[in-house]
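Residue numbers (the numbering used here): 113 to 309. Note that the Cβ used here is the ideal one computed from N, Cα and C, for glycine as well. To keep things clear, I will list the structure first and then write my remarks on it.
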Amino acid sequence: MTHGFSRHRRTRTSVAVFSAFEADLIRSLAGQLVELLRNENAAPQAEDELERMLDFSGPTAEPEDPVLARLFPTAYPEDEEAAGEFRRFTEGTLRDGKAAAAAAVIDSLEAAGLRDVDPDDDTQPTEVEVELDTAAARTWLRSLTDMRLAIGTRLEIRDGDEGDWEDLPDDDPRRPVHDIYSWLGFLQETLVDSISR
């Protein structure tokens, strides 16, 4: 398992060495996030030319998917009309930004040498070293946060119930997913630490 991110002394970049499996897992999670965010049902067509030009054609209702509802919470829970207008003017841009961040994670992993897994290819790298400048590290941090929120929402993790999750038996099917959730948290912590040094 990776030791997380660290600050490179000479280049001042954030560096992590992932096993090929870990890098492929991150790529898969980022790809799933992009797919969820780019769901065509969530982005209605603009009603007029000005809306299309200004990109103010976002949805007005809270997303049905719990992950999307968590990623795009209602801004004004006490005022449905104001919440809908706020969502209409902001959600499209926010979705695009989150999808672009997840795509950038995929791009940086592939630029670092990650390829599609082929069990018959013995030339594939066993490790993938990712080196991120500050801007790329912040992009990764945003995307790791979104991935972790998505997993936490699917698992229905709540504040204060971490002990229950740590006590899950090894044969519980939620255990490996929670382990990924915890690992992403570890990556977030080490990435924040490497940026702030």
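Per DSSP, reduced to three states, the secondary structure at residue 213 is helical. Annotation: the continuous alpha helix (DSSP H) that includes residue 147 extends over 132-149. With at least 16 other beta carbons inside 10 angstroms of its own, residue 258 counts as buried.
In the three-state reduction of the DSSP assignment, residue 129 falls in the strand class. Residue nearest to residue 262 within the set 219, 182, 132 and 252 is 182 (criterion: CA-CA distance).
Distance between residue 122 and residue 274, taken at the CA atoms: about 38 angstroms. Taking all protein chains shown into account, residue 293 has 16 or more neighbouring C-beta atoms within 10 Å of its C-beta and is therefore buried. Below 8 angstroms, enough C-beta pairs join the region 243-260 and the region 293-309 to call them touching: three or more. With respect to the 9 angstroms criterion, residue 221 and residue 138 are classified as neighbours on the basis of their beta carbons. Membership of residue 289 in the alpha helix (DSSP H) is indicated by the continuous run 287-308. Under DSSP, residue 244 forms a beta bridge with 126. In this structure, the CA atom of residue 205 is about 19 angstroms from the CA atom of residue 143.
In this structure, residue 127 keeps its C-beta atom at 9 angstroms or more from the C-beta atom of residue 240. DSSP places residue 121 in the coil class of the three-state scheme, outside both helix and strand. In the three-state scheme derived from DSSP, where H, G and I count as helix and E and B as strand, residue 239 is classed as strand. When the Cα atoms are used, residue 175 and residue 214 turn out to be separated by approximately 20 angstroms.
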